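Read left to right, the sequence shown gives residues 1 to 729 (my numbering). Note that the Cβ used here is the ideal one computed from N, Cα and C, for glycine as well. All figures in this text were calculated on a predicted structure; none of them were measured in a lab.
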Amino acid sequence: MHYQVCTRFALPLKKFTRQSKVTSIVLEDSTQHTKLAAKVYFVFFTTVTNELHCLANADGNVGVLFIVKNDEDYDWVLTKGNTLPFIPALYISQFTTEKLLKLRDSGRVSGAILIHATNESRPTNGFSPDKLCPNENFGVYVNKLNEYSHCSAANSWNLENQATNMMFIDWKMPIYLMRDEHSIQNLTTCFEQFNKPQNGVERSWPLCAVQLTARMHSAGDTPTCMRRNSLPYIPLSYPVQHCDPISSYNIFGSLRSTTKKDSIPNRSITLITTKLDSLSMFLNTARGASVLMTVITLLSVAQTLSKNKQLINTSNETNNVLFAFFDGENWDYIGSSRAAFDLKRSHLKPIKLKSFYEPAKFHLSHISHIIELDQIVFNNDANNVLWIHKDSNVSAAVKQSVERLTKQLEKQSSIVEFKVADEGKGLPPTSLRSFLREDNNIPGIVISSYNNKFVNKYHNGFLDTSDLFDHNSSIRYITNVSTAISKTVAFLLNISDTNIVADEATVKSMYDCFFKDLNCSLFNSLFGRSMNGKPLDLITSVAGYTREHQMYLISSVVEIVYRLLTNFTGKAITGYSKEMCSDLNKSNSSNAYEWIPKYKLSTSNGSCVVSSCFLTEALSPAFIDGESNWNSNEYSTWTESVWRSSGARIFLMPSLWKELFTLITGIVIFTLSFIIVFIFKRCVPQLLEPKSEDVSENNVIFKNHVSGLDAITFSPPNSNRCDVITTQL
């Protein structure tokens, strides 16, 4: 696959031997190889207006290694050192947007490496490479006349930090992350042994050098790249794909099951949403702990309401609840904009990969309320108030409905405290903006752990990990939040039962599985096998269904959340084997059927679970046939480059003069070899081949022998050639 980049690159570094510029260090004993783990910076991304990349030259970028621990080391790379170009390996205190920009523009570096060991402390001022105003050009505030359409200090949401906007800068050079302690030690040893200046004096050659490769196929902006995908290719050759739209899947599930024949009343569905994705500058490092905590909260709400489904089904109301998890939200609301686009056209269709379930034709007019959860986290340093965000630019009727919902949440103060956020900034950068852009008559709120600024200093970065939060306190907090929201949603369904309480044991199981060990009993019960122990990566990539030969690539987090939602909201039916369940899934469009090896952690051999869960495309409407408008800011136009395997290696690089000497010596040897071969080719045949008259006489002997004559040949003593005498026997 073109989509998966090797994330661990072997850089042998133990016993050094001198090598040429393009060969890696060779160890005297191949069994002594040590790996230097690194992760490549994000691949080539494009939009309509620009491109973001860290691509390298075709043969990789080579530079002299220099470890930067302080400002003095940084100045050496930027101004003092003469062994150009450098590839600085910066500790995180020196890895700032400002310093990287100076290095890029200096022309003295050909790449960079961030050194940050797994157990190393985080920068106290935060490390979030996202913008101050994420997704600022999309959503309900896209109108240039709107007061929130331009990012400023007054309406920014992300905290300013040393990495601000780093994700969205075109660096034009490869940037890698190194976290393995053993690899960092090996790199440090190489630098100190060969490169570290002695008393301010530069070291002589050979020097320890690094080669970074990250070859991308994309070029230009999104329209250019997508147009190149459609160019004709040479027959019998493999079609060349340059880039793919960033895409994934949205997850939906309704509390009450619906079919395509059902007629849904207007303003009868409460939509509860959250996002599935995070960001990171470095591939496969988007841990998104704050995102996963919010996902756990919504899953707990779904389970809590489903446990009380009997109360809901016995009511005479036609109201329903639709749970939604949107992917691609950090790429200009890909998931939510597509969902709102489809709902506006009554075209929210499940993909046929998971089931042939056909729910009711939902429409935006059916939605009575939108409740979005964003960054629900337990903060050790705060009172953990939940803030309610709402849009002030709405009609009186919508405002009244929002106030009614807000008051109901505030009544849950005995469980968790809710407060109304400052209204001077409008809505935070969340999925609700996409829906209000399509229909601003929907009452909607965003519930979060922040007021007018994000509290997570590591938002959308590789340091947004679970060790930021206290384990036991977070579990209790999520359980309480889930209970409060479930009671509020039950109120919207005209149910006033006070015994609606979230299950803390289930919350704990999900928390431990997501953050401690994916190979846990809960996840294993969903898949019937041991899970891959690697941490989840929450960055949205490419789903593959946009290609001519469709592929359906589903990320681990989408697959896990989909099965959890099915497990919590579905119901097991007896008497069906795995094969029968699969056949039922394909032949029945009134429900979705999923085989769960151990439904709700039961000891059975598996159950066929009927639910109303389904997946839809999380692909920007800009890439739908007939809908493309590249010059519009309506929808996301992000694409991801197809790339070759990236890599990195370290070696000892000789001086330029030695390389020139080696080159000249090679040219001389080549020239001499050519001359010798030319002489042999011209002269050797004359020395080795017999003379022509001898050849003709020997031919006579052969012919006579064939005719029955014996040939006797002899040479007189004084003859300078062979005379041939033939006699008849």
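Assignment of residue 649 by DSSP, reduced to helix, strand and coil, places it in the strand class. Secondary structure at residue 198: strand, using DSSP grouped into helix, strand and coil. Here residue 210 is buried, its C-beta having at least 16 other C-beta atoms within 10 Å.
As computed with DSSP, residue 81 is found in no beta bridge at all. Between residue 463 and residue 165, the alpha-carbon positions lie close to 16 Å from each other.
Residue environment for residue 197: exposed (fewer than 16 other C-beta atoms within 10 angstroms of its C-beta).
Pairing residue 485 with residue 308 gives a Cβ-Cβ distance that is not under 7 Å.
When C-alpha distances from residue 73 are compared across 185, 94, 569, the shortest belongs to 94. Within a 10 Å sphere around the beta-carbon of residue 372 sit 16 or more other beta-carbons, which makes this residue buried. Rounded to the nearest whole angstrom, the C-alpha separation of residue 347 and residue 269 is 16 Å. The alpha carbon of residue 460 has as its nearest neighbour, out of 143, 88, 434, 157, the alpha carbon of 157. Annotation: the continuous alpha helix (DSSP H) that includes residue 103 extends over 97-106. Annotated three-state conformation of residue 279 is coil, per DSSP. Per DSSP, residue 133 lies in no beta strand (DSSP E) segment and is marked neither H nor E.
In this structure residue 244 is in contact with residue 639, their Cβ atoms being roughly 6 Å apart against a cut-off of 8 Å. According to the DSSP assignment, residue 506 belongs to the alpha helix (DSSP H) that extends over 504-515. Looking only at 560, 559, 304, 421, the smallest Cα-Cα distance to residue 498 is reached by 304. DSSP places residue 574 outside both helix and strand once states are collapsed to three, so it counts as coil. Taken through DSSP and simplified to helix, strand or coil, residue 211 comes out as strand. The beta carbons of residue 206 and residue 538 sit no closer together than 7 Å.
Counting every other CB atom within 10 Å of its CB across the protein chains shown gives residue 58 a total below 16, marking it as exposed. The continuous stretches of beta strand (DSSP E) do not include residue 426, and DSSP gives it neither H nor E. Taking each of 507, 85, 71 in turn and checking the Cα distance to residue 299, the smallest one comes out for 507. Take residue 561, set aside five residues on each side of it, and the residues of its chain with a beta-carbon closer than 8 Å to its own are 251, 276, 295, 299, 325, in chain order. Rounded to the nearest whole angstrom, the CA to CA distance from residue 140 to residue 414 is 34 Å.
Put simply, of 342, 375, 385 the residue whose alpha carbon is nearest the alpha carbon of residue 364 is 342. Going by C-alpha positions, residue 123 is about 22 Å away from residue 182. Non-local beta-carbon contacts of residue 590 in its own chain, meaning distances under 7 Å to residues more than five positions away in sequence, involve 259 in chain order.
With fewer than 16 other Cβ atoms inside 10 Å of its own Cβ, residue 150 counts as exposed.
Pairing residue 161 with residue 125 gives a Cβ-Cβ distance under 7 Å.
CA-to-CA, the gap between residue 404 and residue 593 works out to about 37 Å. The C-alpha of residue 134 lies about 31 Å from the C-alpha of residue 71.
One thing to note: residue 61 has its Cβ within 7 Å of the Cβ of residue 111. The three-state secondary structure of residue 335, taken from DSSP, is helix.
Distance between residue 434 and residue 138, taken at the CA atoms: about 8 Å.
Sorting 543, 467, 496 by C-alpha distance to the C-alpha of residue 311 places 496 at the top.
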